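Worksheet for the structure shown next.
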Amino acid sequence: QKKKLNLTSVAIFMVLLLILGMLGNLNLIYATWKFKELRNRNSLLVAIIAIFDSISEVHEWKKAIEIFLNKSIMKRVNCYQSIFLYCYSFNMSTVTILFLAID
Numbered sequence: 010q011k012k013k014l015n016l017t018s019v020a021i022f023m024v025l026l027l028i029l030g031m032l033g034n035l036n037l038i039y040a041t042w043k044f045k046e047l048r049n050r051n052s053l054l055v056a057i058i059a060i061f062d063s064i065s066e067v068h069e070w071k072k073a074i075e076i077f078l079n080k081s082i083m084k085r086v087n088c089y090q091s092i093f094l095y096c097y098s099f100n101m102s103t104v105t106i107l108f109l110a111i112d
């Protein structure tokens, strides 16, 4: 019972952070798309990082919902299929950060 309460509190905290993260990413993507002066290499790389981060946040939303529904435990094969896109977007975001640092 205590473990479930801890997981629920973690999921609530995740949801609050995910809302802030999604708002920030969407604002950054919108500003880069809307304002012509933000369409330079650095700003586009930051927008690409925000896109990859948004993909990662969608996975985190899925995990928070699974915690609320008490369905967070799964078999390894299902886990791999579940986290593939998350791992890919996280790695691509890291590569884009490297490109931003080099630029």
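Numbering-wise, the numbering used here comes out as the position in the sequence shown, counting from 1, plus 9.
Built from N, CA and C at the ideal position, the CB exists for glycine as well.
None of the values given here were measured: they were computed from a predicted structure.
By the Cβ test, the segment 89-109 is in contact with the segment 46-60, since at least three Cβ pairs between them sit closer than 8 Å. Here Ser81 is exposed. Its C-beta has fewer than 16 other C-beta atoms within 10 Å.
For Phe61, the enclosing alpha helix (DSSP H) begins and ends at 50-77. With contacts defined as CB atoms closer than 8 Å, Asn36 and Leu109 fail to qualify as a contacting pair. When only Cα atoms are considered, Arg85 and Ala20 end up about 22 Å apart. Leaving aside the five residues that flank Glu69 on each side, the residues in its chain whose CB is nearer than 7 Å to its CB run, in chain order, Met23, Leu27.
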